[in-house]
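Visitor: Using our numbering, read the first sequence as starting at 250 and increasing by one per residue.
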Amino acid sequence: MPELPEVETIKRDLEKIILGKKIIEVRVNNPRVIREPQALKFKQGLEGQTVKNVLRRAKVLILELSSGKSLVIHLKMTGQLVYPGGGDKSRVAFKFSDGKILDFNDQRLFAELRLLNDWRAFKFIRELGPEPFEITPEKFKVMLASKKSKIKSLLLDQTFISGIGNLYAAEVLFRAKINPLRPANSLSDKEKGLLLQQIQEVLKEAIKSGGSSIDDYVRLSGEKGDYVRHHRVYGRQAKPCLVCKTPITRTVVGGRGTFFCSQCQK
DNA sequence: AATGGGACCTGCGCGC
DNA sequence: TGCGCGCAGGTCCCAT
Numbered sequence: 250m251p252e253l254p255e256v257e258t259i260k261r262d263l264e265k266i267i268l269g270k271k272i273i274e275v276r277v278n279n280p281r282v283i284r285e286p287q288a289l290k291f292k293q294g295l296e297g298q299t300v301k302n303v304l305r306r307a308k309v310l311i312l313e314l315s316s317g318k319s320l321v322i323h324l325k326m327t328g329q330l331v332y333p334g335g336g337d338k339s340r341v342a343f344k345f346s347d348g349k350i351l352d353f354n355d356q357r358l359f360a361e362l363r364l365l366n367d368w369r370a371f372k373f374i375r376e377l378g379p380e381p382f383e384i385t386p387e388k389f390k391v392m393l394a395s396k397k398s399k400i401k402s403l404l405l406d407q408t409f410i411s412g413i414g415n416l417y418a419a420e421v422l423f424r425a426k427i428n429p430l431r432p433a434n435s436l437s438d439k440e441k442g443l444l445l446q447q448i449q450e451v452l453k454e455a456i457k458s459g460g461s462s463i464d465d466y467v468r469l470s471g472e473k474g475d476y477v478r479h480h481r482v483y484g485r486q487a488k489p490c491l492v493c494k495t496p497i498t499r500t501v502v503g504g505r506g507t508f509f510c511s512q513c514q515k
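1. Could you tell me which uninterrupted beta strand (DSSP E) segments, each at least 3 residues in length, are contained entirely in the region 337-381, listed from first to last along the chain?
2. Would the region 370-386 count as touching the region 484-492 if we require 3 or more Cβ pairs under 8 Å?
3. Alpha carbon to alpha carbon, what distance is there between Leu289 and Phe423?
4. For Asp227, does the three-state DSSP call read helix, strand or coil?
5. Could you spell out the range, first to last residue, of the alpha helix (DSSP H) harbouring Leu314?
6. What whole-angstrom Cβ distance do Leu436 and Leu393 have, given they're in contact under 8 Å?
7. How about Lys397 and Leu430: are their beta carbons less than 8 Å apart?
8. What's the C-alpha gap between Pro386 and Gly412?
9. Would Glu376 be called buried (16 or more neighbouring beta carbons within 10 Å of its own) or exposed?
10. Could you give the residue range of the alpha helix (DSSP H) that holds Thr531?
11. What is the rounded straight-line gap between the Cα of Glu264 and the Cα of Thr507?
12. Give the list of continuous beta strand (DSSP E) stretches no shorter than 3 residues that lie fully inside the region 383-467.
13. DSSP three-state call for Gln329: helix, strand or coil?
14. Quick one: grab the DSSP three-state call for Arg481.
15. Answer yes or no: do Met250 and Asn354 have a C-beta to C-beta separation smaller than 8 Å?
16. Quick check on this structure: which residue in Ile266, Phe373 and Leu404 has the alpha carbon closest to the alpha carbon of Lys441?
17. Are the Cβ atoms of Ser462 and Gly471 separated by less than 8 Å?
18. Can you tell me which of the three DSSP states Pro489 falls into?
19. Report yes if the CB atom of Phe343 is closer than 8 Å to the CB atom of Val256, and no otherwise.
20. Start and end of the alpha helix (DSSP H) containing Gly506?
21. Look up Lys290 in the DSSP assignment and say whether it is helix, strand or coil.
22. Less than 8 Å between the beta carbons of Leu312 and Val303, yes or no?
23. Could you say which of Ile410, Lys260 and Val482 lies nearest to His323 if we only look at CA atoms?
24. If you compare alpha carbons, which of Ser316, Gln356, Gly317 and Leu445 is closest to Asp337?
25. What did DSSP end up calling Leu320 once you bin it into helix, strand or coil?
26. With distances taken from CA atoms, which of Lys439, Phe345 and Ser319 is nearest Gly334?
27. For Asn516, write down the residues that DSSP places opposite it in a beta bridge.
28. Do Gln298 and Met272 have their beta-carbon atoms positioned less than 8 Å apart in this structure?
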C-alpha cells in the first residue's frame with residue numbers, strides 16, 4: 250500500500266540511480282500491468298530513451314523521457330521497484346546502458362504502467378486534489394465546509410486531497426483526536442486546523458523514515474521503511490491505546506479496515 | 001448527487 | 001498435514 254511517503258521515498262531513491270541513464274532493453278514478463286499502449290509499442294517506445302526527470306504526483310511516479318513521452322507508474326497495493334534487479338518475480342524488467350536492471354514487481358497485478366505523450370493530460374492525474382503540503386489552513390476549512398461524508402472517506406478521496414491512503418488516514422485522525430466516522434462538516438475550525446497540521450507532520454515524518462513497510466512495500470534497495478515504529482493505531486486492533494490503554498477498535502468504513510481509539514477520538 | 005458495495009488479483013495466515 | 005476461506009487495500013464501475 251504505497252501512499253505518498255512511500256512513493257516519495259521511491260522517487261528520491263530512483264532519481265539518484267537512473268537520472269540521465271538510457272534504457273536499452275525492456276522485458277515484459279506479464280503484459281497485464283501495462284495499461285497503455287499495447288505491450289509491444291510500450292517496449293519500443295521505451296527502448297533507447299534517456300530518463301530526463303523523475304517526478305511524483307500524489308501516489309503516482311512519473312519518469313520523463315528524452316522523447317518527450319513519460320513512463321507513468323501507479324504501484325497500487327503491491328507494486329515494487331527494485332534496483333539492482335534481475336529477480337524472478339519481475340513483471341517488467343528495465344535494463345539500462347550500464348548493464349544494471351530495474352525490476353518492476355507486482356504480486357497482485359493491480360499496478361498500472363503507462364507510456365503517455367503527456368502525463369498532465371492523463372485523466373487520473375488531472376482530477377487529483379491538491380497535494381497535502383500545498384494546502385493552507387484557510388483553504389482546508391473551505392474544502393471541508395460543504396462535505397457531509399465521513400472524514401475518513403474524504404481523506405481517502407484522491408480528488409479531494411491526494412496522496413493519503415488507508416494507513417496514514419488512520420494515523421492522522423488518531424493524532425488529531427478525531428473519530429473517523431464524523432461527518433467532515435461537523436469538525437470545528439480548531440479540529441480542521443489540527444487535522445491539517447497532523448496530515449502534514451505525519452507525512453513529513455514518514456518521508457524522513459523512508460515510509461512504512463507493511464505488506465509488500467520496500468525501498469528501491471529492498472531495504473524496509475522505518476515509519477512502522479511510529480504507528481499508533483493502524484493494525485493495532487484490540488491492543489491497548491498508547492495514550493489511554495483502551496483497546497483499539499477496528500471497524501469497516503467504505504469497505505476498508507479502520508482503526509481508532511473510541512476514548513481518545515471524539 | 002452522494003454513497004456503498006463489488007470487482008480486479010494473489011499469497012498468507014487462520015481454523016478445522 | 002492439508003485444505004479452504006477470509007483478508008489485505010487503491011481505484012474504477014455500477015447500482016441505488
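All C-beta atoms in this analysis are idealised placements derived from N, C-alpha and C, irrespective of residue type, glycine included. Since we're looking at a predicted model, the values are computed, not measured.
Guide: The answer reads as follows:
1. If only complete runs of 3 or more residues are kept, the region 337-381 shows the beta strand (DSSP E) at 339-345, 350-355 and 361-365, in order along the chain.
2. Short answer: they don't touch.
3. The C-alpha of Leu289 is placed about 47 Å away from the C-alpha of Phe423.
4. As displayed, the chain neither begins before 250 nor continues past 515, which places residue 227 out of reach and without an answer.
5. It is not in any alpha helix (DSSP H) - Leu314 instead sits in the beta strand (DSSP E) that spans Val309 to Leu314.
6. About 6 Å separates the beta carbon of Leu436 from that of Leu393, a gap short enough to meet the 8 Å contact definition.
7. For Lys397 and Leu430, no; Cβs fall outside 8 Å.
8. Gly412 has its alpha-carbon roughly 18 Å from the corresponding atom of Pro386.
9. Label assigned to Glu376: exposed.
10. There is no way to answer for residue 531, as the model of the chain reaches only from 250 to 515.
11. So the two alpha carbons sit approximately 34 Å from each other.
12. Taking 3 residues as the shortest admissible run, the region 383-467 contains no complete beta strand (DSSP E) segment at all.
13. The DSSP-derived three-state label of Gln329 is strand.
14. If DSSP states are grouped into helix, strand and coil, Arg481 belongs with coil.
15. No, the pair does not count as a contact, with Cβ atoms beyond the cut-off.
16. The residue with the shortest Cα to Cα distance from Lys441 is Leu404.
17. Cβ distance not < 8 Å, so Ser462 and Gly471 don't count as in contact.
18. Reduced to three states, the DSSP call for Pro489 is strand.
19. No.
20. Under the DSSP assignment, Gly506 falls outside any alpha helix (DSSP H), being part of the beta strand (DSSP E) whose first and last residues are Arg505 to Phe509.
21. Lys290: helix per DSSP, three-state reduction.
22. For Leu312 and Val303, yes; Cβs fall inside 8 Å.
23. Considering only alpha carbons, the answer is Lys260.
24. For Asp337, the closest C-alpha among the options Ser316, Gln356, Gly317 and Leu445 is that of Gln356.
25. Leu320: strand per DSSP, three-state reduction.
26. The shortest C-alpha separation from Gly334 is found at Phe345.
27. In this structure the chain extends from 250 to 515, so residue 516 is not present and cannot be described.
28. It should be noted that the sequence gives Ile, not Met, for residue 272. Yes. Within cutoff.
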